[in-house]
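Protein chains in written order, with our numbering: chain S, 1 to 154; chain X, 1001 to 1154.
Think of the CB as a built atom: it goes at the ideal place given N, C-alpha and C, for glycine as much as any other residue.
Okay, so here's the structure we're looking at.
2 protein chains.
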Amino acid sequence: MSMKSKSTSELKASIHRVEEICKSNKLGLTEIRKQVFEIIVKNNIPIKAYEILDKISNINNKPSHPPTVYRAIDFLIENGFVHKLNSINSFVGCFHPNAHKECYFLICKKCNIYQECCDDSLKDRISKTAIHNNFVISNTTLEIEGHCLDCSQK
Amino acid sequence: MSMKSKSTSELKASIHRVEEICKSNKLGLTEIRKQVFEIIVKNNIPIKAYEILDKISNINNKPSHPPTVYRAIDFLIENGFVHKLNSINSFVGCFHPNAHKECYFLICKKCNIYQECCDDSLKDRISKTAIHNNFVISNTTLEIEGHCLDCSQK
DNA sequence: TAATATATGTTATGTTATAACATTGTAATG
DNA sequence: CATTACAATGTTATAACATAACATATATTA
Ligand SMILES: [Zn+2]
Ligand SMILES: [Zn+2]
Ligand SMILES: [Zn+2]
Ligand SMILES: [Zn+2]
């Protein structure tokens, strides 16, 4: 199972990708937004908003406040750079080549490691379900909780 | 789209079903648990914990407290009678014949109406994804947010 | 009855998220 | 350049969601 933490080069690439996308789309990747993104992607497990808040406060040597963090998160989610895992109120970076919003997640309840997936056939089936119900999708949450190989063997 | 509210007979049937399952499995369906279940299923849109709290307080003519409601909800979820919609912090009753835990939801962001689905091929694909990643599933959250037919036409 | 387990009551607090308004920075317009 | 408009951030306060901890009550069962 490829539930390992990201390499330094993968992190660099993902940060660089976001910078490029923002530049070409004229999105304001401000200092705080960048800091929040880096904190999220450098964490190898899903991170909570108030953990980000603590880290931001430390980095800048002054207390930050919740709205600062939540606004940055909103920006990052809107642009597909970050996903929220609703089942655990946590955030993860999107490591797929061109940031998007339709990822699925396996989340280990024991060690919190996670795996981002992007299964087209799954996406197709969900689309069909929606069409069949005359439903227009704006956002899909597919989170699979359970235990990873390591944790289920212990 | 069958996103209509439940008929009185459907409600009665779902309450009766829960009573029978509890009786045959020796689960303590206490007064409060029953009240909470009825409040949830009689609401035709997903309901929030503190809304349940208000209703319980009114029914019993005395203030209830959050733990009372959350404990009842926990019981109902554990036994597959109720689902939590993580994307909107709300609860819905399970209207499937034999209460279970693997339902999917279409949720209209505008009018809050919802549709409970149970697509086996979707379930299969999710299982395959899990197996492929050596992952043991304990719980799946699949919530599709968007707009229902009525709301997308307006 | 006494012991045990299950469920509920109660108080307090922890956690997650947003409203509202002030301030600052930046870019376009006259 | 000054003015205006807009985007982003700072700040205070509070709303919304959820649980810890411990006391009390109720039901089983030894
Ligand atoms: Zn992604
Ligand atoms: Zn694990
Ligand atoms: Zn169900
Ligand atoms: Zn609707």
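Cβ-Cβ separation, residue j to residue i (assumed contact under 8 angstroms), whole Å
i	j	result
C1148 of chain X	C1108 of chain X	4 angstroms
T129 of chain S	C1118 of chain X	10 angstroms between Cβ atoms; not a contact.
R1017 of chain X	L1076 of chain X	Incorrect: roughly 13 angstroms between the Cβ atoms, too far for contact.
Residue i: contacting residues in chain S (beta-carbon distance under 9 angstroms)
i	result
V1036 of chain X	Simply none; closest approach about 22 angstroms.
I1073 of chain X	Neighbours of I1073 of chain X on chain S: none; closest Cβ ~16 angstroms, over 9 angstroms.
C1148 of chain X	N133, N134, F135 and V136
S1152 of chain X	N134, F135 and V136
K1023 of chain X	Correct list: empty, because the minimum Cβ distance to chain S is about 30 angstroms.
Interface residues of chain X facing residue i [CB-CB closer than 8 angstroms]
i	result
E145 of chain S	I1137, S1138, N1139, T1140 and T1141
R17 of chain S	What R17 of chain S touches in chain X: nothing, since even the nearest Cβ is about 24 angstroms away.
N86 of chain S	N1086, S1087, T1141 and E1143
R125 of chain S	D1119, S1121, L1122 and R1125
Residue i Cβ short of 8 angstroms to ligand 4 heavy atom set
i	result
N1112 of chain X	yes
D74 of chain S	no
C1151 of chain X	yes
C1108 of chain X	yes
beta-carbon residue i near ligand 1 non-hydrogen atom, thresh 8 angstroms
i	result
H1083 of chain X	no
G146 of chain S	no
C103 of chain S	yes
G1028 of chain X	no
Beta-carbon contacts of residue i that lie in its chain and below 8 angstroms, excluding the five residues immediately before and after
i	result
E1010 of chain X	F1095
N1089 of chain X	K1048 and A1049
P66 of chain S	A49, Y50 and L53
C1111 of chain X	I1045, C1148, D1150 and C1151
F105 of chain S	H83, L85, V92, Y114, Q115, E116, C117, L142, E143 and I144
H132 of chain S	none
S127 of chain S	I137
K62 of chain S	none
Chain S residues whose Cβ lies nearer than 8 angstroms to that of residue i
i	result
T1129 of chain X	Y104, L106, C117, D119, L122 and I144
Beta bridge counterpart(s) of residue i as assigned by DSSP
i	result
H1147 of chain X	S:V136
Y1114 of chain X	X:I1107
S90 of chain S	S:L85
L1142 of chain X	S:L142
I1047 of chain X	X:F1091
Check: residue i C-beta below 8 angstroms from any heavy atom of ligand 3
i	result
E1116 of chain X	yes
F1135 of chain X	no
F1095 of chain X	yes
A1099 of chain X	yes
G80 of chain S	no
Proximal residues to residue i (C-beta, below 6 angstroms), its chain only, five neighbours per side dropped
i	result
I39 of chain S	I52 and K55
I137 of chain S	A130
I21 of chain S	none
D1120 of chain X	none
V1069 of chain X	A1049, I1052 and L1053
Cutoff 7 angstroms; reference residue i; Cβ partners in own chain excluding five residues on either side
i	result
I1073 of chain X	V1036, A1049, V1082 and F1091
K1042 of chain X	L1011
N1079 of chain X	L1027 and A1099
T140 of chain S	E102 and I126
S1064 of chain X	L1053, I1056 and S1057
K123 of chain S	E102
T30 of chain S	none
I59 of chain S	Q35
Residues that residue i contacts on chain X, provided the C-beta gap is smaller than 7 angstroms
i	result
K109 of chain S	S1138
Residue i Cβ short of 8 angstroms to ligand 6 heavy atom set
i	result
G1093 of chain X	As far as ligands go, the structure on display features ligand 1, ligand 2, ligand 3 and ligand 4 and does not contain ligand 6.
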